[in-house]
Amino acid sequence: MIKDAVQEISKLHNYKVNGDYWGRVGMMYKRYGEETLMAAIKDCKPEDVPLTDMLNRIEKRCQHILEHGSVDELTSLFL
2 MIKDAVQEIS KLHNYKVNGD YWGRVGMMYK RYGEETLMAA IKDCKPEDVP LTDMLNRIEK
62 RCQHILEHGS VDELTSLFL
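Note that the sequence shown covers residues 2 to 80 in my numbering.
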């Protein structure tokens, strides 16, 4: 569920996700599916960046997972 993805972002990355970002997470959930989205969220390292930038990174990881499978260590450095 979208709620689980938002909770994971809040827990792992210490962001407060408001209504505007719920919509964006919902679109990623719909576009990539729950498993891919959760894998991308867990794969992103916590950093001190704005939530928009973190969601951009999560979305790029989702795209990479769908196209190439899991994210390896080298690719993780670039995404």
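Even glycine gets a Cβ: it sits at the ideal position worked out from N, Cα and C. Source: prediction; values computed, not measured.
Exercise for the section: Can you tell me the Cβ-Cβ gap for residue 29 and residue 63, rounded? I've got them flagged as a contact below 8 Å. Expected result: The Cβ separation is near 6 Å, so the contact holds.
Handout entry: For residue 70, three-class secondary structure by DSSP
Key = Coil, per DSSP.
Practice task
Run the CB neighbour count on residue 14, radius 10 Å, all protein chains shown included, and call it buried at 16 or more, exposed below.
Solution key: Counting every other CB atom within 10 Å of its CB across the protein chains shown gives residue 14 a total of 16 or more, marking it as buried.
Handout entry: Sequence-distant residues of the same chain with beta carbon closer than 8 Å to residue 9, five excluded per side
Key = Counting only Cβ-Cβ distances below 8 Å, and skipping sequence neighbours, we find 39, 42, 43.
Problem - Separation of residue 34 from residue 70, as counted between CA atoms - result: Each residue's Cα considered, the two are about 14 Å apart.
Problem - residue 2 (DSSP reduced to helix, strand or coil) - result: Residue state, collapsed to three classes: coil.
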